[in-house]
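For reference, the structure discussed in these notes is given below.
In UniProt numbering, the protein residues as written are 1 to 311.
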């Protein structure tokens with residue numbers, strides 16, 4: 001499997017799993033920072049055990065830590081804490097959209113500081129998925145009387161959740177940006193240090209505001225541990241692999257698939273509605289994300305074919 005195929009495959013699965021965050025979070029009776037801390041801690045333990053089993057512990061010992069390695073993990077942990085909290089205080093669609101302002105932010109940073117070129121085609125696809133998110137969130141809406149309207153307003157009922165969503169988007173953008181540095185570090189080691197750095201960052205927050213587990217029951221603990229494994233160890237490890245093999249703009253296009261998963265769960269599990277324009281937004285998200293994959297794979301296939309003809 002070539003690096004692009006590996007990157008796209010892992011990113012698709014990671015985005016699908018990440019889209020289930022709201023489903024898990026709404027079944028756990030504790031704060032978002034506790035949930036995120038559990039995800040990072042379970043992820044660290046699982047990846048450590050896996051590397052130990054595969055005889056790769058030397059990769060952890062030989063990794064030279066740098067500020068970007070530590071910062072990427074810390075930003076990931078803090079953005080997930082804010083995101084999980086956002087899903088508990090606002091709609092799933094709002095929370096998902098606001099965290100996905102991050103990939104746009106990271107794409108701009110990568111273009112400026114890492115000189116990653118954004119092709120017109122990739123830029124167009126990224127624009128399409130971003131507009132799709134605006135449809136899903138309802139910022140661009142339609143009604144027979146006023147036609148298509150565009151507005152961004154925060155109600156008092158969802159203000160806290162929306163602000164946490166914005167904070168999660170900022171943190172996610174920084175995580176994706178910092179992940180583009182030190183691609184020499186193996187995916188296994190990078191995942192381990194991401195998990196550890198994220199857990200430490202959230203742990204520092206606990207020192208400022210101690211968490212409460214008073215309302216946790218048996219069902220909450222089961223959901224929490226399952227989330228730690230599937231959406232902690234599983235989704236975040238795959239995301240780390242994808243970030244190593246894809247450019248920031250490519251990551252951004254595919255990552256928006258999570259918005260469709262999150263909105264779909266909101267409709268099916270929590271009775272949240274979806275208008276025709278929001279459905280169109282989902283189509284744009286899927287089309288833009290898959291378009292980037294299909295075009296990239298077609299170019300790869302054509303280059304291989306041309307190389308075979310030349311030889």
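Each residue gets a CB set at the ideal place from its N, CA and C atoms; glycine is no exception.
Asked, Found
"Neighbour-count burial assignment, residue 247, 16 or more Cβ in a 10 Å radius", "buried"
"Limits of the unbroken beta strand (DSSP E) element including residue 165", "Unbroken run through residue 165 is the alpha helix (DSSP H), 159-179; no beta strand (DSSP E)."
"Contact under 8 Å by Cβ, residue 128 with residue 284", "yes"
"Span of the alpha helix (DSSP H), counted from its first residue to its last, around residue 147", "Element bounds for residue 147: not the alpha helix (DSSP H) but the beta strand (DSSP E), 147-150."
"Proximal residues to residue 16 (C-beta, below 8 Å), its chain only, five neighbours per side dropped", "257, 258 and 261"
"Residues bridged to residue 89 [DSSP beta-bridge criterion]", "Answer is none; residue 89 lacks a bridge partner."
"CB contact flag (residue 28, residue 192, <8 Å)", "no"
"Own chain, CB closer than 8 Å to residue 143, minus 5 neighbours either side, in chain order", "149"
"Residue-level contact to chain D via CB, residue 49, 8 Å cutoff", "In the structure shown, chain D does not exist; there is a single protein chain."
"Proximal residues to residue 19 (C-beta, below 6 Å), its chain only, five neighbours per side dropped", "258, 261 and 262"
"Residue 237 beta carbon less than 8 Å from that of residue 47", "yes"
"Segment contact, 8 Å Cβ cut-off, at least three pairs: the stretch 64-83 with the stretch 158-177", "yes"
"Closest by C-alpha distance to residue 110, when choosing among 45, 86 and 181", "181"
"Beta-carbon proximity of residue 241 to residue 187, cut-off 8 Å", "yes"
"Where residue 28 sits in the DSSP three-state scheme", "coil"
"Residue 143 - containing beta strand (DSSP E), residue span", "140-143"
"When 6, 222 and 171 are compared against residue 80, the one with the closest alpha-carbon", "171"
"Contiguous alpha helix (DSSP H) assignments of at least 4 residues, all confined to the stretch 57-140", "57-62, 67-89, 92-99, 102-113 and 120-137"
"Exposure label - residue 115; buried when at least 16 CB within 10 Å", "exposed"
"Through-space distance from residue 135 to residue 231, alpha-carbon basis", "26 Å"
"Spatial distance of residue 203 from residue 222 (CA atoms)", "22 Å"
"Neighbourhood of residue 104 by C-beta, 8 Å cutoff - its chain only, sequence neighbours within 5 removed", "126, 130, 173 and 252"
"Beta-carbon separation (whole angstroms), residue 179 vs residue 235, contact threshold 8 Å", "Going by Cβ atoms, the distance from residue 179 to residue 235 rounds to 15 Å, so no, they are not a contact pair."
"Rounded separation between residue 44 and residue 306 - CA only", "44 Å"
"Residue 220 (DSSP reduced to helix, strand or coil)", "helix"
"DSSP-derived helix/strand/coil call for residue 299", "helix"
"Proximity to residue 272 [Cα-Cα], best of 68, 217 and 90", "90"
"Within 8 Å, strictly: CB atoms of residue 147 and residue 84", "no"
"Residue environment, residue 54, which counts as buried when at least 16 other CB atoms sit within 10 Å", "exposed"
"Spatial distance of residue 51 from residue 228 (CA atoms)", "18 Å"
"Residue from 160, 140 and 161 with nearest C-alpha to residue 151", "140"
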